[in-house]
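Numbering (the numbering used here), first residue to last: 1 to 146. Using N, Cα and C, we set each Cβ at its ideal position, and we do this for glycine too. Given the structure is predicted, the values throughout are model-derived calculations rather than measurements. So the structure is just underneath, and the comments pick up after that.
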C-alpha cells in the first residue's frame, strides 16, 4: 500500500527526504538545502514523504505554513525510476489536504520552472513566474480527497 507521512522539521528525521532531493536535483540541491535551513520559513515547514508499495521512499515535497491563509509549497520530487506511477499526484493531494485542513485559502509556489503544465492540471494559475491555487475553489470542483 502506498503511504505518505508528514515530517516535522523540528523533531523528525528528514534524511530520506534530503536523499530524494539529492538524487533528483543533484548539485542544485545542496544550495537549496542550505537556503532552506537558513530561512525563517523552515521553522514553519513540514515535509511530505511518500513510500511505495514496497516501503521504498520514492517522493517528497515541502509545505510552508503561514498565518495569513496563503501557504507555500516547493520541492516536489519523485525519484526518476518511480515516475509515471501516480506518486506525484498522491503527494500533491497530501499537500492540498494538509494545507486546507490547516486553514490555507491559497497555495502558492515558485517551483514553476520545471513542470508548469503539471501544475496547471490541478488548476494552478501562473502569473509572474509564480503558481497560485484557490483551495476552496479546488475542493468545490474536486471531490476525490475530501
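In this structure residue 87 is not in contact with residue 139, their Cβ atoms being roughly 22 Å apart against a cut-off of 8 Å.
For residue 126, the uninterrupted beta strand (DSSP E) segment begins and ends at 125–127.
For residue 57, DSSP records a beta bridge to 51. Take residue 44, set aside five residues on each side of it, and the residues of its chain with a beta-carbon closer than 6 Å to its own are 64 and 65, in chain order. Taking every protein chain shown into account, the CB of residue 73 has 16 or more other CB atoms within 10 angstroms, so this residue is buried. The Cβ atoms of residue 71 and residue 102 sit closer than 9 Å to each other. Here the C-alpha atom of residue 122 lies approximately 30 Å from the C-alpha atom of residue 10. By the neighbour-count criterion, in which 16 or more other beta carbons inside 10 Å mark a residue as buried, residue 113 falls on the exposed side.
Under the 10 Å beta carbon count, residue 60 is surrounded by 16 or more other beta carbons and is classified as buried.
Scanning the region 65–95 from its first residue to its last, the whole beta strand (DSSP E) runs of 3-plus residues come out as 70–78.
Under the three-state reduction of DSSP output, residue 135 falls in the helix class. Membership of residue 15 in the alpha helix (DSSP H) is indicated by the continuous run 15–25. In terms of Cα proximity to residue 15, the closest of 48, 1, 3 and 119 is 48.
Rounded to whole angstroms, the separation of the alpha carbons of residue 130 and residue 109 is 6 Å. Residue 104 places its beta carbon 9 Å or farther from that of residue 75.
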